[in-house]
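Student:
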Amino acid sequence: MRFKINSTLVSILLTTAISGVFSISAAALFSFSLLSKLVDRMVSLSVGILLATSLLHALPEAFESEANTHTLFAVLLGGLLAFFLLEKMAILRHSHHHEHDGHGHHHGHDAREAGASGWMILVGDSLHNFTDGILIAAAFLADPHLGIMTGLAIIAHEIPQEIGDFIVLLNAGFTRRRAYAYNIISGLMAIVGGVVGYLLLDRAQSWIPYVLVFASSGFIYIAVSDLMPQMQRRASMRETVPQVLLIALGVGIVLFLTGNAHTH
């Protein structure tokens, strides 16, 4: 499809690129400098951020739209099952790769479970970034000033989510450089969403609730299926109290930033 490059499209491309790179870089700076030595404990913070982003931000936005409620619940169910199968395939591929290699993998079982959650968080985050790109395009086509404010709002609510993503990736065994590189690639999906939104805005707008629900299903699945079981292995009261406090902190961060900066 041919399209004319104009100032609105250039603004959409710049805003989606800057919002993605800035939020990811800010989250990386915070995560790597302050949290990298406390990844095990910060898993609890990530649970709070992922669940709050999904249940208190993305899903309400989707269900408040004009999309059919039954269809949205069907997408949520399908997304949970899809991420379950994605994790199964990742674990099975890992098991097959190490079959008959003569090495024990007792400790490796936890590592491959965490590794699967790392890849799933990247899938879910890519979909979320794609949706953000559509939202930025819609805002710029309505009013350039609204587009800029929407970009700033997205940066504000993406930073805590990206911190949660980095925690999951570090916990999954990704190096700092690899986690940053894959997150940047995921962030580029905002540019794709911006272009799609610009070209097919009417149709793309109707996709937003379903993309939000599918991405949220991934965040919920990762938090409940992969991260919380790791936390349950530390059942003492000494470990439980910090876990609960960090979950509450993660929820509070999302509520504060989305409540003060959410404009779209």
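End of the sequence shown = 1405 in this note's numbering, gap-free, step of one. Using N, Cα and C, we set each Cβ at its ideal position, and we do this for glycine too.
Note the first and the last residue of the continuous alpha helix (DSSP H) segment covering Gly-1338.
Tutor: 1330–1340
Student: Can Tyr-1339 and Ala-1389 be called in contact, C-beta distance under 7 Å?
Tutor: no
Student: Assign Ala-1408 to one of three DSSP states: helix, strand, or coil.
Tutor: No statement about residue 1408 is possible, as the shown extent of the chain runs from 1142 to 1405 and does not include it.
Student: How would you label Glu-1228, buried or exposed, when you count the other beta carbons within 10 angstroms and need 16 or more for buried?
Tutor: buried
Student: Please classify Arg-1379: does DSSP put it in a helix, a strand, or coil?
Tutor: helix
Student: Between Arg-1374 and Phe-1355, what straight-line distance do the alpha-carbon atoms span, to the nearest angstrom?
Tutor: 29 Å
Student: For the putative contact between Ile-1262 and Ile-1394, defined by C-beta atoms under 8 Å, what is the C-beta separation to the nearest angstrom?
Tutor: At roughly 17 Å, the Cβ-Cβ gap does not stay under 8 Å, so Ile-1262 and Ile-1394 are not in contact.
Student: What do you get for Thr-1272, buried or exposed, if any count of 16 or more other CB atoms within 10 angstroms of its CB means buried?
Tutor: The residue in question, Thr-1272, is buried, as its Cβ has 16 or more Cβ neighbours within 10 Å.
Student: So Gly-1288 and Ser-1152 are in contact, right, with Cβ under 8 Å, and what is the actual spacing, rounded?
Tutor: 6 Å
Student: Near Leu-1386, what residues of its chain come up, given a Cβ to Cβ distance below 6 Å and the 5 sequence neighbours on each side ignored?
Tutor: none
Student: What whole-angstrom Cβ distance do Ala-1345 and Val-1337 have, given they're in contact under 8 Å?
Tutor: 5 Å
Student: May I have the straight-line CA-CA distance separating Leu-1218 from Val-1264, to the nearest angstrom?
Tutor: 17 Å
Student: Any idea what DSSP makes of Arg-1319, helix, strand or coil?
Tutor: Helix at Arg-1319.
Student: Specify, as a first and last residue, the run of the alpha helix (DSSP H) that Leu-1173 falls within.
Tutor: One detail in the question is off: residue 1173 reads as Phe in this sequence, not Leu. Premise fails: Phe-1173 is in no alpha helix (DSSP H) and is neither H nor E.
Student: Among residues of its own chain, excluding the 5 on either side of Ala-1169, which ones have a beta-carbon nearer than 8 Å to its beta-carbon?
Tutor: Glu-1303, Phe-1307, Arg-1317, Ala-1320, Tyr-1321, Asn-1324
Student: Please report the Cβ distance between Ala-1331 and Thr-1149, rounded to the nearest whole angstrom; I am assuming they are in contact, meaning their Cβ atoms lie under 8 Å.
Tutor: Going by Cβ atoms, the distance from Ala-1331 to Thr-1149 rounds to 16 Å, so no, they are not a contact pair.
Student: Starting from the C-beta of Ile-1165, find all residues in its chain whose C-beta is less than 7 Å away, skip the five residues before and the five after it, and write them out in chain order.
Tutor: Glu-1303, Asn-1324, Ile-1325, Gly-1328
Student: Mind reading off the beta-carbon distance from Phe-1204 to Thr-1212? Whole number of angstroms is fine, and I expect it under 8 Å.
Tutor: Going by Cβ atoms, the distance from Phe-1204 to Thr-1212 rounds to 11 Å, so no, they are not a contact pair.
Student: Using C-beta distances below 7 Å, list every residue in its chain close to Phe-1171, excluding the 5 sequence neighbours before and after it, in chain order.
Tutor: Ile-1304
Student: Should Ala-1280 be listed as close to the ligand MN, given that the test is whether its C-beta is under 6 Å from any heavy atom?
Tutor: For the structure depicted, the ligand MN is absent and the ligand set is empty, with no information on it obtainable.
Student: Nearest-angstrom Cα distance between Thr-1291 and Asp-1284?
Tutor: 10 Å
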